[in-house]
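Counting from 96, one number per residue, gives the positions in the sequence shown under the numbering used here. Ideal Cβ placement from N, Cα and C applies to all residues, glycine included. This report refers to the structure that appears directly beneath it.
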Amino acid sequence: MDVYALTLRDASATLLSGVLAFGLVKSLETLAAQKALTTLECRKIVHMSTGPLFVLTWPLFSAGLIARWCAASVPFFNGVRLILIASGAMQSEATLKAVSRFGSRQELLRGPLLYIAIVISVTLLFWRESPIGLLVLCLMCGGDGLADIVGRRYGSAKLPFNHSKSWVGSLAMFTGGGLLSMTYIALFHKLGYFAASAYSMMPVIWTTSLLATIVEALPIHQRLDDNLTVPLVSAAVGQLFMQGLHIA
Numbered sequence: 096m097d098v099y100a101l102t103l104r105d106a107s108a109t110l111l112s113g114v115l116a117f118g119l120v121k122s123l124e125t126l127a128a129q130k131a132l133t134t135l136e137c138r139k140i141v142h143m144s145t146g147p148l149f150v151l152t153w154p155l156f157s158a159g160l161i162a163r164w165c166a167a168s169v170p171f172f173n174g175v176r177l178i179l180i181a182s183g184a185m186q187s188e189a190t191l192k193a194v195s196r197f198g199s200r201q202e203l204l205r206g207p208l209l210y211i212a213i214v215i216s217v218t219l220l221f222w223r224e225s226p227i228g229l230l231v232l233c234l235m236c237g238g239d240g241l242a243d244i245v246g247r248r249y250g251s252a253k254l255p256f257n258h259s260k261s262w263v264g265s266l267a268m269f270t271g272g273g274l275l276s277m278t279y280i281a282l283f284h285k286l287g288y289f290a291a292s293a294y295s296m297m298p299v300i301w302t303t304s305l306l307a308t309i310v311e312a313l314p315i316h317q318r319l320d321d322n323l324t325v326p327l328v329s330a331a332v333g334q335l336f337m338q339g340l341h342i343a
């Protein structure tokens, strides 16, 4: 495939990925504005869905050297948009309600912007070549997001070392993040991006999911954001286990 064809494919994939991401967030913002979703539900659905949807567009990109950079530009420009809203240079009350806890502009520069930074980093560092990137994003998006939703609704039994977290929320993170990781790794293995199968990765996936769940449950969220601790632990543990088990 010549350079022109590669560039055209990556440009088209970038445009489609951006449209899908923008459309998803706008749809959720509209539902929240119409009170079909609460602010909390909207924020958590954004957290759980935007990353996995973005990853599903990765196969649309070429095998060229700039493909990952083109893909990373989608969350990058979303991050720029958050910075502009936080600074007051752009107005979007709907976005504030959709992605912040209390409707504060400065909140956008913490958890939401950190989430985007992790997505960009995983895209550039791991891309489609390693299952670790998929593991990191699935645990951050699916696991961590599900823990909050399930924990708030059904988490009457609290953890003894952290009364803001529950047993059922932690179980939801462990199982939800692990199953989402298995699904995505199986898909990208099937597409031929790496040799490691979901089956061969099971010890890595479930051990990493367990340790990420423990970190998410620790009473440190006032000092360290889950959008930082969960991905860092997932990347480090996943990489170490892959090397230790000699999984290609």
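Put residue i into one of helix, strand or coil per three-state DSSP.
i: residue 316; result: coil
i: residue 60; result: What is shown of the chain runs 96 to 343, which leaves residue 60 out entirely.
i: residue 130; result: coil
i: residue 160; result: coil
i: residue 254; result: strand
i: residue 109; result: helix
i: residue 116; result: helix
i: residue 342; result: coil
i: residue 288; result: coil
i: residue 293; result: coil
i: residue 58; result: In the structure as shown, the chain begins at 96 and stops at 343. Residue 58 is therefore absent and cannot be evaluated.
i: residue 199; result: coil
i: residue 125; result: helix
i: residue 167; result: helix
i: residue 181; result: helix
i: residue 223; result: coil
i: residue 303; result: helix
i: residue 152; result: coil
Hey, quick one: how far does the alpha helix (DSSP H) through residue i stretch, first residue to last?
i: residue 249; result: 239-249
i: residue 337; result: 321-339
i: residue 193; result: 188-194
i: residue 207; result: 206-220
i: residue 226; result: 226-233
So, are the CB atoms of residue i and residue j less than 7 Å apart?
i: residue 141; j: residue 193; result: yes
i: residue 233; j: residue 275; result: yes
i: residue 203; j: residue 184; result: no
i: residue 320; j: residue 228; result: no
i: residue 226; j: residue 296; result: yes
i: residue 119; j: residue 126; result: no
i: residue 235; j: residue 326; result: yes
i: residue 264; j: residue 245; result: yes
i: residue 223; j: residue 153; result: yes
i: residue 124; j: residue 166; result: no
i: residue 105; j: residue 162; result: yes
i: residue 292; j: residue 269; result: no
i: residue 209; j: residue 323; result: yes
Ordered along the chain, which non-local residues of its own chain (more than five positions away) have a Cβ less than 7 Å from that of residue i?
i: residue 339; result: none
i: residue 241; result: 143, 267, 268, 271
i: residue 179; result: 185
i: residue 365; result: Any question about residue 365 goes unanswered here, given that the chain covers just 96 to 343.
Excluding the 5 residues flanking residue i on each side, which residues of the same chain have their C-beta closer than 8 Å to its C-beta?
i: residue 302; result: 332, 336
i: residue 254; result: 260, 261, 262, 265, 312
i: residue 128; result: 189, 192
i: residue 219; result: 163, 164, 167
Could you compute how far the alpha carbon of residue i sits from the alpha carbon of residue j?
i: residue 300; j: residue 280; result: 10 Å
i: residue 150; j: residue 171; result: 14 Å
i: residue 306; j: residue 290; result: 25 Å
i: residue 314; j: residue 257; result: 6 Å
i: residue 277; j: residue 298; result: 11 Å
i: residue 243; j: residue 100; result: 44 Å
i: residue 173; j: residue 283; result: 25 Å
i: residue 137; j: residue 130; result: 10 Å
i: residue 217; j: residue 160; result: 16 Å
i: residue 186; j: residue 238; result: 31 Å
i: residue 342; j: residue 329; result: 16 Å
i: residue 103; j: residue 288; result: 21 Å
i: residue 317; j: residue 211; result: 20 Å
Spatial neighbours of residue i within its chain, please: CB distance less than 6 Å, with the 5 preceding and 5 following residues excluded, ordered by chain position.
i: residue 200; result: 181
i: residue 156; result: 105, 108, 162, 166
i: residue 113; result: 169
i: residue 175; result: none
i: residue 249; result: 263
i: residue 121; result: none
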